[in-house]
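Chemist:
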Amino acid sequence: MKNKLLLATAALTLFLSACSAQSEQEDEQGTDDLLTGDWQEIAESAEGQEVNMYMWGGNDNINRYLDDWVAPRMAEEYDVKLSRVPVNDAQDIINQLLDEKTAGKTDGSMDIIWINGENFKAAKDNGLLWDDFTGQLPNFVDYIDPEAPEVAEDFGEPVEGLQAPWGKAQFVFVHDTEKVADPPKSMEELSDWIRENPGQFTYPALPDFTGSAFIRHVLYETTGGHEQYGQPAAEIEDLEEHFQPMWDYLNDIEPYLWREGSTYPESLAKLDQLYASGEVSMTMSYDPALAASEVLKGRFPASTRTFVLDVGTLSNTHFLAIPFNSTDKAGAMVAINELMSPEAQTAKLSPENWGDLSALTFEKLSADQQQAMNDVDLGEATLPLEELENHRLPELSSDYIEIIEKGWMENVAKE
Amino acid sequence: MKKISFWILLLLSLLLIGIPFFALILTSVSVGWQWPNLLPDSLSFRSWDYVLRGSSGTWRAIGISLLIAFIVTIVNIVLAVPAANALVRYRIKGKWLAEAILFAPIIIPPFVSVMGIHLTFLRLGLTETVLGVVLAHLSPTLPYMVRALITSYSTLSVDWEDQARMLGAGPFQRFYAVVLPHLLPGIAAGASLSILISLSQYLITFIIGSGQVVTLPVLLFPFISGGDPAVASAYSILFAGMAILALLGMDLSLKSYYRRKKSVSVNGRGAGNDEGTSFRPN
């Protein structure tokens, strides 16, 4: 009896290891052709492929845009099946790829991943991304200025063609004009406003992405501009002292925040909920048209508007990358190229679909294409594109962000 | 007196179960629900339209969730019956160690073990498969099944089986006719927990399934943390419906088993020839 059991276990183990060994032999070939071959051939080899796009899945508008607008076009025009895989947190993708790299899995199921910032840096540092592929995409070549800082760098990290820009985001404050008729235009004015309207403002607790971005605005304004932070954080010796005015500012406003600052909403989602239910009069967003889209859904009051600071607000780019072990790289390239087309970008701009800013360089578009983009109704809650463009600040590199997030816990949350 | 306590009980259960559900339903169709309004100003079926439309894959996800929960529960029963039998009835050295290992998944957070399981499964080629997800779901569910069956076994004296043996019943007959009927309530309790726990797994399913095994929680979680309460509520209602349906299905099949069993044993007694079922302790 015991022997039989042992035998069965051994047989199972053998069978399983045979399965995994077999899959390792495929692939490898053909990926060089994709980096040098011409586009026609790549598009042909993509036919019939199934492309899995792993992306955050918590917004029904974005999901719909991919499922109902992009996917049918991909199937019809390129015979590529685009399947969206919902993810709760992009960091989960990176962890999974890390495990796959460790285990030597060469036939991964992720073909396109939607990342930027810290996740891109982690992926790049660990060699989880495929190769310098963006130069092969016709829409990248035609419509993108590769030298532009927002395309060449991602939170201070050189992109090196490992990921293609998909859209742009810019930080805006969201307010209800019935409660905030004259929104503050600087951090100083904001602080005054908070004191006059206690309990009406708060920000998401760090390390929430948007809460962290809010604090970077405080940093820029209270410590004298962003230029000084161009160098790596390790090179600034008195960083602690440098940050002190920022902590002072945050501690000064704390007693006047929602619930006297005894607690902070744990995420932007929670803050948005407070705003939607009317408990606070301001929220914030790293997506300038999201407020318009929420008004359209009926979640935010119709009197919702957005504003930027006079010195400007942070902006960044979000990207699409191909993991090292994607099995349908040609299909992934075709899909990314299609997502960067002026038509897809124009559709993406509309708050009805998503309301995400175009990644393309506006001047490179034809007159008709420019017209089409300008004709998109961004909704009353969204600032004009020109005003956004004129108030852009560069992002801080991720080594600073880590220090700030830790510092916030010690200097603000603990006290 | 009895009647009054019945009504109080009904009222309490309505308050405890009905009201949260009512709030969920309202949230799923609400538009711009501003504090301090007790009810939303207007209604919209946007979230239901999204959740139930063809390309959202909701129905497929429900099917896969139920399939996984069902297989997990069957495997649990097959594993837990001999395990509980051994733990209750045999004097084994180091029994406490076996018990500790069996119950460890309740105490150790799943995140810790699932990272290791993921690496191992990657090497074995088990990720991205329903089989892999089923195997991974065993770790948080098996302890409950074993626990329930241990209780059942500890009230089942070996004398019953000895008696059956003396009357000529073979090992299979003894198990089917004597042990199994006694275990059934325990199996039902363990299976309910196993189904519910398996249905509600997110992290394990997402990591082991690598996004290729899409269950309902995989669709639901981004909406909960992403803060779209309307869509999250709609999914939650579907989730509750799915869980209730699964439990109801189990309950019904159990009842029909008992009904069949009863009629067989009555017939058996009458005819006096059905040696298998007439051993059933009453």
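These protein sequence lines are chains Z and E, in that order. Residue numbering for the first sequence is 154 to 568, as defined by our numbering. Residue numbering for the second sequence is 810 to 1091, as defined by our numbering. In this text, a Cβ means the ideal position worked out from N, Cα and C, and glycines have one as well. Quick caveat: nothing in here was measured; it's all calculated off a predicted structure.
1) Does chain Z have any CB closer than 7 Å to the CB of glutamine 1010 (chain E)?
2) Under the three-state reduction of DSSP, which class applies to glutamine 120 (chain Z): helix, strand or coil?
3) Please state if the CB of arginine 348 (chain Z) and the CB of tyrosine 296 (chain Z) are separated by a distance shorter than 7 Å.
4) What do you get for arginine 898 (chain E), buried or exposed, if any count of 16 or more other CB atoms within 10 angstroms of its CB means buried?
5) Put methionine 263 (chain Z) into one of helix, strand or coil per three-state DSSP.
6) Can you look up tyrosine 207 (chain Z) in the DSSP assignment and give me helix, strand or coil?
7) Count the other C-beta atoms from every protein chain shown that fall within 10 angstroms of the C-beta of leucine 806 (chain E), then say buried if there are 16 or more, exposed otherwise.
8) Can you tell me whether arginine 369 (chain Z) is helix, strand or coil according to DSSP?
9) Assuming leucine 945 (chain E) and valine 921 (chain E) make a contact with CB atoms under 8 Å, what is their CB distance in whole Å?
10) Below 9 Å on C-beta distance, what does phenylalanine 1048 (chain E) contact in chain Z?
11) Can you give, in chain order, each stretch of the alpha helix (DSSP H) that sits fully within the region 971–1011 of chain E and has at least 4 residues?
12) Using only alpha-carbon positions, find the residue among Z:Ser344, Z:Lys254, Z:Asp278 and Z:Phe273 that is nearest to histidine 927 (chain E).
13) Report buried or exposed for alanine 913 (chain E), applying the criterion of at least 16 other Cβ atoms within 10 angstroms of its Cβ.
14) Please confirm if phenylalanine 1030 (chain E) has its CB atom under 7 Å from at least one CB of chain Z.
15) Within 10 Å of its beta-carbon, does phenylalanine 981 (chain E) have 16 or more other beta-carbons around it, so buried, or fewer, so exposed?
16) Compile a chain-ordered list of the residues in the region 969–981 of chain E whose CB is closer than 9 Å to at least one CB of chain Z.
17) Do you know how far the Cα of glutamine 193 (chain Z) is from the Cα of tyrosine 231 (chain Z)?
18) So what's histidine 135 (chain Z) in DSSP terms, helix, strand or just coil?
19) From glycine 1101 (chain E) to glycine 270 (chain Z), what does the alpha carbon distance come to, in whole angstroms?
20) By the DSSP assignment, the alpha helix (DSSP H) with alanine 957 (chain E) in it spans what residues?
21) Do we get a CB-CB distance below 7 Å when we pair valine 371 (chain Z) with the residues of chain E?
22) If contact is defined by three or more beta carbon pairs under 8 Å, each pair taking one atom from either stretch, is the region 211–230 of chain Z in contact with the region 248–262 of chain Z?
23) Which stretch, first to last residue, makes up the alpha helix (DSSP H) that contains glutamine 249 (chain Z)?
24) What's the gap between the Cα of leucine 492 (chain Z) and the Cα of alanine 422 (chain Z)?
25) Can you give the beta carbon distance from glutamine 323 (chain Z) to threonine 466 (chain Z), rounded, assuming they're within the 8 Å contact cut?
26) Does leucine 549 (chain Z) have its Cβ less than 7 Å from a Cβ in chain E?
27) My parser needs the alpha helix (DSSP H) runs of 4 or more residues fully inside the region 269–315 of chain Z; what are they?
28) Are the Cβ atoms of alanine 1055 (chain E) and isoleucine 1004 (chain E) separated by less than 7 Å?
29) Please go through the same chain and pick out, in chain order, the residues whose beta-carbon is closer than 7 Å to the beta-carbon of valine 955 (chain E), but skip the five residues on each side of it.
30) Between which residues of its own chain and glutamine 178 (chain Z) is the CB-CB distance below 8 Å, once the five residues before and five after are set aside?
31) Can you tell me which residues form a DSSP beta bridge with asparagine 469 (chain Z)?
32) What distance in whole Å lies between the Cβ atoms of valine 1022 (chain E) and valine 939 (chain E), which are believed to be in contact at a cut-off of 8 Å?
33) Strictly under 7 Å for the Cβ-Cβ distance: is serine 1034 (chain E) near chain Z by that measure?
34) For glycine 1020 (chain E), would you say it is in contact with chain Z, using Cβ-to-Cβ distances shorter than 7 Å as the test?
35) Whose CA, out of Z:Thr436, Z:Gly320 and Z:Glu374, lies closest to the CA of tyrosine 356 (chain Z)?
36) Tell me the residue span of the alpha helix (DSSP H) that contains leucine 235 (chain Z).
Modeler: The relevant details are as follows:
1) no
2) Look at the range of chain Z in this structure, 154 to 568, and you will see that residue 120 (chain Z) is not part of it.
3) no
4) exposed
5) coil
6) strand
7) This structure leaves residue 806 (chain E) out entirely; chain E is present only between 810 and 1091.
8) helix
9) The question names leucine, yet the displayed sequence has alanine at residue 945 (chain E). With 8 Å as the limit, alanine 945 (chain E) and valine 921 (chain E) do not qualify as a contact, their Cβ atoms being about 13 Å apart.
10) Within chain Z, no residue comes near phenylalanine 1048 (chain E); the closest Cβ sits about 15 Å away, beyond 9 Å.
11) 980–983 and 989–1008
12) Z:Lys254
13) exposed
14) yes
15) exposed
16) none
17) 11 Å
18) As shown, chain Z starts at 154 and ends at 568. That puts residue 135 (chain Z) outside it, with no answer to give.
19) With chain E covering 810 to 1091 only, the question about residue 1101 (chain E) has no answer from this structure.
20) 939–963
21) no
22) no
23) 243–256
24) 27 Å
25) 6 Å
26) no
27) 270–278, 291–296 and 302–305
28) yes
29) Ala889, Ala892, Ala893 and Leu911
30) In this prediction, glutamine 178 (chain Z) has a pLDDT of 40, which is less than 50 and means its spatial position is unreliable; what the coordinates show is noted afterwards. Closer than 8 Å at Cβ, skipping near neighbours: no residue.
31) Z:Ala322
32) 6 Å
33) yes
34) yes
35) Z:Thr436
36) Segment 234–240 is the beta strand (DSSP E) holding leucine 235 (chain Z); no alpha helix (DSSP H) there.
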